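Trainee:
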Amino acid sequence: MDKILYLHIGTPKTGTTSLQHFCYDNSDILTEKGYHYPDFPFKYPNKGLARNGLFLEATLFDNGGIRQKEAETQNFYSGLARLRELFKTHNNIILSDEGVWTACFNRKRGMPLIRKLQEDAQDAGYQVKIIVYLRRQDDFLLSWYNQLVKHSITVKNTLSWEEYFNNYEKYLKLDYYSCLKKLEKIFGRENIIVRRFGKQYLKNRSIIPDFLSILGLELNDRFTIEEEHSNFNQKMSENACEIKRIINGTTEMTIKDIRRFEWILREFSPVSEKNYPCSMMSDEESRDFMQLYELSNNKVVKRYIKDGQPLFNIERKPREKWKKNNMYMADDIIRFSCMSTLYTMQMIEERDVQINDIKKILDHPFRFMFKKILPFEKTL
96 MDKILYLHIG
106 TPKTGTTSLQ
116 HFCYDNSDIL
126 TEKGYHYPDF
136 PFKYPNKGLA
146 RNGLFLEATL
156 FDNGGIRQKE
166 AETQNFYSGL
176 ARLRELFKTH
186 NNIILSDEGV
196 WTACFNRKRG
206 MPLIRKLQED
216 AQDAGYQVKI
226 IVYLRRQDDF
236 LLSWYNQLVK
246 HSITVKNTLS
256 WEEYFNNYEK
266 YLKLDYYSCL
276 KKLEKIFGRE
286 NIIVRRFGKQ
296 YLKNRSIIPD
306 FLSILGLELN
316 DRFTIEEEHS
326 NFNQKMSENA
336 CEIKRIINGT
346 TEMTIKDIRR
356 FEWILREFSP
366 VSEKNYPCSM
376 MSDEESRDFM
386 QLYELSNNKV
396 VKRYIKDGQP
406 LFNIERKPRE
416 KWKKNNMYMA
426 DDIIRFSCMS
436 TLYTMQMIEE
446 RDVQINDIKK
456 ILDHPFRFMF
466 KKILPFEKTL
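Under this note's numbering, the first residue of the sequence shown is numbered 96, with each subsequent residue one higher.
1) So, with DSSP's three-state summary, where would you put residue 113?
2) CB residue 131 to CB residue 170, shorter than 9 Å?
3) Write down every uninterrupted run of the alpha helix (DSSP H) in the region 122 to 207 whose length is 4 residues or greater and which is fully enclosed by it, in chain order.
4) Going by the CB atoms, is the gap between residue 332 and residue 371 shorter than 9 Å?
5) With contact counted as at least three CB pairs below 8 Å, one residue from each stretch, are the region 235 to 249 and the region 194 to 202 in contact?
6) Let me check understanding here. Comparing Cα to Cα, which of 201, 120, 172 lies closest to residue 107?
7) I'd like the span of the beta strand (DSSP E) that includes residue 250, first residue to last.
8) Would you give the residue range spanned by the alpha helix (DSSP H) that residue 226 belongs to?
9) Keeping to the same chain, check which residues put their C-beta closer than 7 Å to that of residue 241; ignore five residues upstream and five downstream.
10) What are the residues that DSSP puts in a beta bridge with residue 101?
11) Kindly indicate which three-state DSSP category residue 320 falls into: helix, strand or coil?
12) Please report the distance separating the alpha-carbon of residue 467 from that of residue 149.
13) Are the region 376 to 385 and the region 284 to 297 touching by the rule of at least three beta carbon pairs closer than 8 Å?
14) Going straight from the alpha carbon of residue 226 to that of residue 279, what length do you get?
15) What span of residues does the alpha helix (DSSP H) with residue 395 cover, start to end?
16) In chain order, what residues of the same chain have a beta carbon less than 6 Å from the beta carbon of residue 100, not counting five sequence neighbours either side?
17) Report the CB separation of residue 174 from residue 151 in whole angstroms; it is logged as a contact under 8 Å.
18) Report the option in 446, 264, 139 whose CA atom is closest to the CA atom of residue 387.
19) Short check: CB of residue 112 to CB of residue 230, under 9 Å?
20) Three Cβ pairs or more, each shorter than 8 Å: is that satisfied between the region 334 to 348 and the region 396 to 408?
21) Within the continuous alpha helix (DSSP H) that includes residue 281, where are the two ends?
22) Which first and last residues belong to the beta strand (DSSP E) in which residue 288 is found?
23) With the cut-off set at 9 Å, would you say residue 319 and residue 120 are in Cβ contact?
24) Find the nearest neighbour of residue 115 within the set 287, 146, 281, 239, judged by alpha-carbon distance.
25) With 16 other CB atoms within 10 Å as the buried threshold, where does residue 102 fall?
26) Can you tell which of 368, 247, 293, 219 has its C-alpha closest to the C-alpha of residue 342?
27) Pick helix, strand or coil for residue 416, following the three-state DSSP scheme.
28) Compute the distance between the beta-carbons of residue 430 and residue 366, then report whether it is under 9 Å.
29) Would you decide whether residue 127 is buried or exposed? Buried here means 16 or more other CB atoms lie within 10 Å of its CB.
30) With H, G and I counted as helix, E and B as strand and the rest as coil, what does DSSP make of residue 377?
31) Thinking residue 339 and residue 244 are a contact (beta carbons under 8 Å), I'd like their distance in whole angstroms, please.
32) Report the three-state DSSP secondary structure of residue 304 (helix, strand or coil).
33) What residue does the alpha helix (DSSP H) around residue 360 start on, and which one ends it?
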């Protein structure tokens, strides 16, 4: 087939957000080079617009928290129909959404939907190639816990590390070989593209040039990389993560509240990390954990990567195991309190400026022109 859908499915915590924003920001150049990164009209609250493959797996809820299954189904089939239309004018299309991996192996509806995608592709005459990046299982586990506490709005964001670690198989499927075999049954072995994630494995030590190399493209000066997009989803320090976990269970917060706390904690995390470089897992725990997946990882290399090298380098920089009563926690609590106070002061100052601007408008001789947009005139 001459028509190819490149479906990038993560895994999560492998630079997916930065990659998606790169493709979104450079969609015109990618299209010019023969690889279209399309927009879709579907809106998913609190999900990035650059994740153009969301319609393949995302759940939808109304304002009352009621799941909208009919809308999910409608979006899915509308998305497939849109793909058919796009393939009339494009030979290569790129979709990206790390949630596809999670949906396939952690949710019942994931695999049936991905099978329907393949069935529709065969009927419409295009080929699906799956692109997946794999991260060391212990690093993935640690990073996903950090993300869960930092960013999640579910009750799982209050789990302690011990609670999470003792039940991690409920949240993550880390037997990569078993997962890839299931995808292979649907799409064919020749259509599964597997890459290692980690600076030492990536072209130019970055996900973007590495991904482009899969497509036969080179990163050059014509492409733009926004600095703010290159550091998406940076981890919080272990102390900041624990502070956020406690905050999560303290009171009911809106999504906006959660994001504000997340921003404050990320701001001082680099200093916290420098002062107390540690890990939730000891070096011995990490080695024991990786041994659980040694056989599976060897099979991944033999079947999909075929370079004769270990899937991951087992040696890693030694790190102290995090302890809650560490001597640096008090300093980080002070930093958090200071940053929170500064953030509040800035918000008040911005609010005062807005109010003063409004008062100036109300004192303007032509203020009657603004009454329609300032119905609260009497309250000032």
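Even glycine gets a Cβ: it sits at the ideal position worked out from N, Cα and C.
Computed from a prediction, not measured in an experiment: that's the story for all the values here.
Mentor: Taking the coordinates as given:
1) Residue state, collapsed to three classes: helix.
2) no
3) Given a length threshold of 4 residues, each whole run of the alpha helix (DSSP H) inside the region 122 to 207 is given here in chain order: 122 to 127, 164 to 181, 194 to 201.
4) yes
5) no
6) 201
7) Counting along the chain, residue 250 falls outside any beta strand (DSSP E), and DSSP gives it neither H nor E.
8) Where residue 226 is concerned, there is no enclosing alpha helix (DSSP H), although the beta strand (DSSP E) it sits in stretches over 222 to 229.
9) 330, 331, 336
10) 189, 224
11) coil
12) Unreliable positioning characterises residue 467 in this predicted model, as indicated by a pLDDT of 47, which lies under 50. The coordinate reading is nonetheless provided below. Roughly 39 Å between the two C-alpha positions.
13) no
14) 12 Å
15) 389 to 395
16) Close CB contacts of residue 100 within its chain, under the 6 Å cut and outside five residues either way in sequence, are with 188, 221, 223 (chain order).
17) 7 Å
18) 264
19) no
20) no
21) Counted as a single uninterrupted DSSP element, the alpha helix (DSSP H) harbouring residue 281 occupies residues 271 to 282.
22) 287 to 291
23) yes
24) 146
25) With a threshold of 16 other beta carbon atoms within 10 Å, residue 102 meets it and is buried.
26) 247
27) strand
28) yes
29) Classification of residue 127: exposed, given that the 10 Å Cβ count is below 16.
30) coil
31) 5 Å
32) The answer is helix: DSSP assigns residue 304 an H, G or I state.
33) 350 to 370
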